[in-house]
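J.: Numbering (our numbering), first residue to last: 101 to 180.
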């Protein structure tokens, strides 16, 4: 990554010299740059937490709907 930053040469040329795919090298550079920024780490952590919470909401809504249907079913079966 330091070579790509300091040399001023195109990433594709550096990747060819190193024998790696240029997109792989670009991703490595991007990851390294993001790791240097503390707010990027907080942002990625926040995004992961939001995704996990959204998944949990979907699961809870599904459970709620199942319980509602079960309550309606059993309420219809009672012979008081």
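All C-beta atoms in this analysis are idealised placements derived from N, C-alpha and C, irrespective of residue type, glycine included.
1) Which same chain residues end up closer than 6 Å to residue 108 when comparing Cβ atoms and leaving out the 5 residues on each side of it in sequence?
2) Quick check on DSSP: helix, strand or coil for residue 108?
3) Distance, Cα to Cα, residue 149 vs residue 157?
4) State the CB to CB distance for the pair residue 122 and residue 106, rounded to an integer number of angstroms; the pair is presumed to be in contact (CB under 8 Å).
5) Taking the C-alpha atoms as reference points, what is the distance between residue 119 and residue 151?
T.: On the basis of the data shown:
1) Along the chain shown, one-based indexing puts residue 108 at 8. Nothing listed; no residue qualifies.
2) Counting from 1 along the chain shown, the entry for residue 108 is found at position 8. Note: residue 108 maps to coil in three-state DSSP.
3) Along the chain shown, read from residue 1 onward, the residue named residue 149 stands at position 49. Along the chain shown, read from residue 1 onward, the residue named residue 157 stands at position 57. Going by the C-alpha atoms only, they are around 12 Å apart.
4) On the chain shown, position 22 is the one that residue 122 refers to. On the chain shown, position 6 is the one that residue 106 refers to. Contact doesn't hold; Cβ gap of about 18 Å is too wide.
5) Counting from 1 along the chain shown, the entry for residue 119 is found at position 19. Counting from 1 along the chain shown, the entry for residue 151 is found at position 51. So the two alpha carbons sit approximately 36 Å from each other.
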